[in-house]
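> Chains as they are written, first to last, in my numbering: chain A, 2 to 113; chain B, 195 to 309. Every residue gets a Cβ at the ideal spot worked out from N, C-alpha and C, and that includes glycine. Here it is, the structure in full.
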Amino acid sequence: DQQVKQNSPSLSVQEGRISILNCDYTNSMFDYFLWYKKYPAEGPTFLISISSIKDKNEDGRFTVFLNKSAKHLSLHIVPSQPGDSAVYFCAASPVGPDGLTFGKGTHLIIQP
Amino acid sequence: EAGVAQSPRYKIIEKRQSVAFWCNPISGHATLYWYQQILGQGPKLLIQFQNNGVVDDSQLPKDRFSAERLKGVDSTLKIQPAKLEDSAVYLCASSLVGTLTDTQYFGPGTRLTVL
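This is how it looks when you write it as structure tokens:
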């Protein structure tokens, strides 16, 4: 049973526009949420995170929103740039020493 | 600062053979993770070490997979014998102390193909 779901395998966005990537989770014990970005033949790199006590976290062009009641989070990228083309993974962690639970990823393609 | 190093980058073996992967975490990082990423899926945690002790290995198929981190630094992950379904990218990650908000840094991974 998938505890972290990314229902869009791919997303195509025009350069300069906003990219919105969505993620849903089912485990109410998750307390910390992260987005990782992955280029081909490289490991995932950390992008941005949010604690369950917040509903928004911003870092430059990247903003993550968390709706705990809906068990939903989203990543907004504004404006989208060609270098943003990559696979984006949503991940979650419960309180405690457990590792991350990842979604299947969304392949973001930025069109020139 | 050097990142997480993994070797080999690619490995092709036949089913029932054995294989080992090596990981060198970022210097000073106490926590080390091994993840398995099957094509089209997100990474799945196999095992987590805190220094040289195992914190979580609940998703490690212990009949064929083993991992060790003897001196609390480098780690090896072994598969013996390999099955076709073990074809995946094996990712190693490390973090400074392993707390909830501690960032995990990933290596480039080892792509295993089992024929």
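Please report the straight-line C-alpha distance between Ser-50(A) and Gln-244(B), rounded to a whole angstrom.
So the alpha carbons of these two residues sit roughly 22 Å apart.
> DSSP three-state call for Gly-247(B): helix, strand or coil?
Three-state result, Gly-247(B): strand.
> How many Å lie between Cys-112(A) and Leu-76(A) at the Cα?
Inspection of the sequence shows that residue 112(A) is occupied by Gln rather than by Cys. One C-alpha to the other measures close to 18 Å.
> So which of Gln-15(A), Asn-68(A) and Lys-105(A) has the shortest CA-CA distance to Asp-32(A)?
The option with the nearest alpha carbon to Asp-32(A) is Asn-68(A).
> Below 9 Å on C-beta distance, what does Pro-255(B) contact in chain A?
Under the 9 Å cutoff, chain A gives no residues; its nearest Cβ is about 16 Å from Pro-255(B).
> What does DSSP give as the partner residue(s) for His-223(B) in the beta ladder?
Answer is none; His-223(B) lacks a bridge partner.
> Using three-state DSSP, classify Leu-278(B) as helix, strand or coil.
DSSP places Leu-278(B) in helix when its eight states are reduced to three.
> Going along the chain, which residues of the stretch 94 to 108 of chain A sit with their C-beta nearer than 7 Å to a C-beta in chain B?
Within the stretch 94 to 108 of chain A, the residues whose Cβ lies closer than 7 Å to some Cβ of chain B are Ser-94, Val-96, Pro-98, Asp-99, Gly-100, Leu-101, Phe-103, Gly-104, Lys-105 and Gly-106, listed in chain order.
> Tell me the rounded alpha-carbon separation between Pro-202(B) and Asn-28(A).
Cα to Cα, Pro-202(B) sits roughly 35 Å from Asn-28(A).
> Which residues in chain A have a C-beta closer than 8 Å to the C-beta of Leu-285(B)? List them in chain order.
Within 8 Å Cβ-Cβ: Gly-44 and Pro-45.
> Smallest Cα separation from Glu-279(B): which of Asp-268(B), Ala-287(B), Ser-260(B) and Leu-309(B)?
Glu-279(B) has its Cα closest to that of Leu-309(B), out of Asp-268(B), Ala-287(B), Ser-260(B) and Leu-309(B).
> Between Phe-66(A) and Leu-74(A), what straight-line distance do the alpha-carbon atoms span, to the nearest angstrom?
Approximately 5 Å between the Cα atoms of the pair.
> Under a three-way DSSP split, which group does Asp-25(A) fall into?
Three-state DSSP puts Asp-25(A) in a strand.
> Any contact between the stretch 295 to 307 of chain B and the stretch 253 to 269 of chain B? By contact I mean 3 or more CB pairs, one from each, below 8 Å.
At 8 Å Cβ cutoff, the stretches do not touch.
> Would Tyr-326(B) and Gly-100(A) be called neighbours here (beta carbons separated by less than 9 Å)?
The requested residue 326(B) is not part of the displayed model; chain B covers only 195 to 309.
> Let me confirm a value: Pro-41(A) is counted as buried when at least 16 other C-beta atoms fall within 10 Å, else exposed. Which label applies?
So Pro-41(A) counts as exposed.
> Take Pro-45(A) as the anchor and find which of Thr-295(B), Gly-247(B), Leu-294(B) and Tyr-284(B) has the nearest alpha-carbon.
Of Thr-295(B), Gly-247(B), Leu-294(B) and Tyr-284(B), the residue nearest in Cα terms is Tyr-284(B).
> Considering just the uninterrupted stretch of the beta strand (DSSP E) at Gln-7(A), what are its terminal residues?
That residue, Gln-7(A), is in no beta strand (DSSP E); it is neither H nor E in DSSP.
> If we count Cβ pairs, one from each stretch, closer than 8 Å, do we get three or more for the stretch 78 to 86 of chain A versus the stretch 11 to 28 of chain A?
Enough Cβ pairs lie closer than 8 Å, so yes.
> Can you pull the chain A neighbours of Asp-268(B), defined as C-beta to C-beta under 8 Å?
By Cβ distance, chain A contributes nothing, its closest Cβ being about 17 Å from Asp-268(B), past 8 Å.
> Taking the alpha carbon of Asn-246(B) as the point to measure from, which residue in Ser-221(B), Cys-286(B), Lys-272(B) and Lys-265(B) has its own alpha carbon closest?
Minimum Cα distance to Asn-246(B) is reached at Lys-265(B).
> How many Å lie between Lys-209(B) and Val-96(A) at the Cα?
Going by the C-alpha atoms only, they are around 38 Å apart.
> Since Asp-32(A) meets chain B, which of its residues come closer than 9 Å, beta carbon to beta carbon?
Neighbours of Asp-32(A) on chain B, chain order: Leu-294.
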